[in-house]
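Right, one structure below, let's go through it.
Protein chains: 2
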Amino acid sequence: MTDQDSGRRPKYQRIADELRTAIQSGAFAPGDRLPGENDLMTTYDVARMTARQALSVLRNEGLAEARKGAGVFVRTFRPLRRRGIPRLAQGHWGTGHSVWSADVEDRALVVDQIEVGETAATARVAEALGLPPDSPVCVRSRRFVLDGKPVLLSVSYLPATLTQGSPITTPDTGPGGTYARLTDLGHEPVHFREEIRCRMPTAAESSRLSLELGTPVILIARTAFTAKGAPVELNEMTLDSSSYVLEYDFDA
Amino acid sequence: MTDQDSGRRPKYQRIADELRTAIQSGAFAPGDRLPGENDLMTTYDVARMTARQALSVLRNEGLAEARKGAGVFVRTFRPLRRRGIPRLAQGHWGTGHSVWSADVEDRALVVDQIEVGETAATARVAEALGLPPDSPVCVRSRRFVLDGKPVLLSVSYLPATLTQGSPITTPDTGPGGTYARLTDLGHEPVHFREEIRCRMPTAAESSRLSLELGTPVILIARTAFTAKGAPVELNEMTLDSSSYVLEYDFDA
DNA sequence: CAGTGGTCTAGACCACGAT
DNA sequence: TCGTGGTCTAGACCACTGG
């Protein structure tokens, strides 16, 4: 260590800084290959682990992704748009445009890993549905895959007393889906509450969504209410944050 | 490597798995100290870097945080609740309860790092406000600190032609804030669009929000529209995801 | 097959925090 | 002061990808 020490910033962070700046300045475009471990070792005269650490910083920031045997590449962000309130989202609020561009949806959607069954409600689920603990609930679990890329995990909980004998307890709920069947049963959902949070994925989520390192997940917990204010469904969704932009339109 | 190899899972991931399971089973509660590098080295008979790598997995998952000189500890999650649509959020949708608990807000809020000025709109800002590129815009930048912990960065953009000479161009906008002043000027915002995404923080964001490793940020871009459908404000917010749950209520 | 990233070892020195 | 995590070196073998 003869020259450096200018500033107390660790070597691996200095290297990461330079690469990050280069990416953000456009010197490396999305999809471009970045200098690899060997490049950094010679360029900066550091050990292998130090070069690796620098690259791992960028990966954990979601800026780069490694492809084994190929190299390290700048990541892209081309999200889908999920409209939380379709009724209001269209219309004449058109002078200003969206902040983040999003792909149009004329792609191949596959629903996957469907599991339907009945279990005892966890404390959280019972609370959200206004049921006593351990009440029986209908559980519908699915995965959504868009153009071969998994983007969304969905688990829906409904009071089992409501869904007895209804198509809701079968994999195919029929035209209009679960909400149409609830309406048939006299429990039409008219009000919704969505709670949103964000965190790093568990190993299981990371695997089911094929997530890159440094990709958070968005959690949406949607509760559906009837006109009487009774909760009839809790839908817990797990989204690949690199695939989604959420949008909510509302009036003052 | 005499015994292992049972399963091709790398050592550091196996160690991380065991610790993760122990955390999720409650063997280690939030705030508890986890086995440190030296503990793992002797327990699993691995090299220092391997133990470090196992712990770094948990940190990047947001499950653990390291305190230099002290140890590695299980993280906590006690979020604030941000209601996107206050008018609807109250009321009679009360049978079902929130999925995630949230602290009540009787805490000390400080607004910080206030900067107000005028610049040329970036392409993204101009697009959102329906302005020609490089149009002059009023910029209001702030940081919100709750009980000493920074939780939110906010940057607001308004067409400079609207705000000329108004208190909006000063640090203190007066009672009712920016929206009240816009109303005074005959540009009352009546409709809002919020776009939400999520990603890992930049170094600057991480520093301004004092984020732990493994903590994503939530980005909210809110556009405010007048009754005529003209956008009058773009507010870009950056939230510490470990401090927030977002909530949206709406009707079918 | 050559090059890449993935994993792992066995050392070292440092800055920091608790005692 | 002593243990902790933070940084760094200089090697090694492996699995995978590409031409």
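If you read the protein sequences in the order shown, they are chains A and B.
1 is the number of the first residue of the first sequence in UniProt numbering; add one for each residue after it.
1 is the number of the first residue of the second sequence in UniProt numbering; add one for each residue after it.
Backbone N, C-alpha and C define an ideal beta-carbon position, used for all residues, glycine too.
Out of curiosity, what's the CA-to-CA distance linking residue i and residue j?
| i | j | result |
| --- | --- | --- |
| Ile-85 (chain B) | Ala-252 (chain A) | 8 Å |
| Asp-42 (chain A) | Gly-71 (chain A) | Here residue 42 (chain A) is Thr; the residue named in the question, Asp, does not match the sequence. Using only the alpha carbons, I get a separation of about 16 Å. |
| Met-200 (chain A) | Pro-133 (chain B) | 36 Å |
| Leu-211 (chain B) | His-187 (chain A) | 44 Å |
| Ile-249 (chain B) | Arg-181 (chain B) | Residue 249 (chain B) is actually Asp in this sequence, not Ile. Approximately 27 Å between the Cα atoms of the pair. |
| Glu-195 (chain A) | Tyr-44 (chain A) | 46 Å |
| Ala-29 (chain B) | Ile-220 (chain B) | 32 Å |
| Ala-47 (chain A) | Arg-14 (chain A) | 14 Å |
| Tyr-12 (chain A) | Gly-148 (chain A) | 35 Å |
| Ala-203 (chain A) | Leu-213 (chain A) | 11 Å |
| Arg-124 (chain B) | Gln-53 (chain B) | 39 Å |
| Gly-31 (chain B) | Ala-51 (chain B) | 20 Å |
| Pro-216 (chain B) | Val-245 (chain A) | 15 Å |
| Thr-170 (chain B) | Val-139 (chain B) | 10 Å |
| Arg-20 (chain B) | Lys-68 (chain B) | 21 Å |
| Val-111 (chain A) | Pro-175 (chain A) | 15 Å |
| Ala-126 (chain B) | Pro-159 (chain B) | 9 Å |
| Pro-35 (chain B) | Glu-18 (chain B) | 11 Å |
| Glu-247 (chain B) | Leu-40 (chain A) | 45 Å |
| Ser-135 (chain A) | Ser-25 (chain B) | 23 Å |
| Phe-192 (chain A) | Arg-33 (chain A) | 44 Å |
| Leu-58 (chain A) | Arg-143 (chain B) | 26 Å |
| Thr-122 (chain A) | Ala-128 (chain A) | 10 Å |
Sort out for me which residues DSSP pairs residue i with in a bridge.
| i | result |
| --- | --- |
| Asp-45 (chain A) | None, per the DSSP bridge assignment. |
| Ala-221 (chain A) | A:Glu-195 and A:Glu-236 |
| Leu-80 (chain B) | B:Tyr-244 |
| Val-74 (chain A) | A:Ala-64 |
| Asp-249 (chain A) | B:Arg-193 |
| Leu-109 (chain B) | B:Leu-146 |
| Pro-159 (chain A) | A:Val-137 |
| Pro-231 (chain B) | B:Phe-225 |
Measuring CB to CB, does residue i end up less than 8 Å from residue j?
| i | j | result |
| --- | --- | --- |
| Ala-224 (chain B) | Gly-130 (chain B) | no |
| Tyr-157 (chain B) | Glu-233 (chain B) | yes |
| Thr-178 (chain A) | Ile-168 (chain A) | yes |
| Leu-153 (chain B) | Met-237 (chain B) | yes |
| Val-137 (chain A) | Leu-239 (chain A) | no |
| Leu-80 (chain B) | Ser-243 (chain B) | yes |
| Cys-198 (chain A) | Ile-23 (chain B) | no |
| Asn-60 (chain A) | Asn-60 (chain B) | yes |
| Arg-75 (chain A) | Ala-66 (chain A) | no |
| Thr-226 (chain B) | Pro-189 (chain B) | yes |
| Ser-166 (chain A) | Val-155 (chain A) | no |
Is it buried or exposed, residue i, if we count other Cβ atoms within 10 angstroms and call 16 or more buried?
| i | result |
| --- | --- |
| Arg-78 (chain A) | exposed |
| Leu-109 (chain B) | exposed |
| Gln-113 (chain A) | exposed |
| Gln-164 (chain B) | exposed |
| Gly-117 (chain B) | exposed |
| Glu-115 (chain A) | exposed |
| Ala-120 (chain B) | exposed |
| Ser-207 (chain A) | exposed |
| Ser-56 (chain B) | buried |
| Gly-62 (chain B) | buried |
| Thr-173 (chain B) | buried |
| Pro-27 (chain B) | Note that residue 27 (chain B) corresponds to Ala in the displayed sequence, not to Pro. With fewer than 16 other Cβ atoms within 10 Å, it is exposed. |
| Pro-10 (chain B) | exposed |
| Asp-5 (chain A) | In this predicted model, Asp-5 (chain A) has a pLDDT of only 39, less than 50, meaning its place in the structure is not dependable; the value taken from the coordinates is given anyway. Exposed, by the Cβ-count rule. |
Mapping the DSSP letters down to three states, classify residue i as helix, strand or coil.
| i | result |
| --- | --- |
| Ser-154 (chain A) | strand |
| Lys-149 (chain A) | strand |
| Ser-243 (chain A) | helix |
| His-92 (chain B) | Only weak support exists for where His-92 (chain B) lies, its pLDDT of 46 falling under 50; the value from the coordinates is given anyway. Here His-92 (chain B) sits in coil by DSSP. |
| Ser-141 (chain A) | strand |
| Asp-172 (chain A) | coil |
| Ile-114 (chain A) | strand |
| Arg-33 (chain A) | strand |
| Ala-121 (chain A) | coil |
| Pro-167 (chain A) | helix |
| Tyr-179 (chain A) | helix |
| Arg-226 (chain B) | Reading off the sequence shown, one finds Thr at residue 226 (chain B), where the question assumed Arg. It is a strand residue. |
| Ser-206 (chain A) | helix |
| Ile-85 (chain A) | coil |
| Thr-50 (chain A) | helix |
| Val-104 (chain A) | Its pLDDT being 47, under 50, Val-104 (chain A) is placed unreliably in this model, and the coordinates cannot settle the point. |
| Arg-14 (chain A) | helix |
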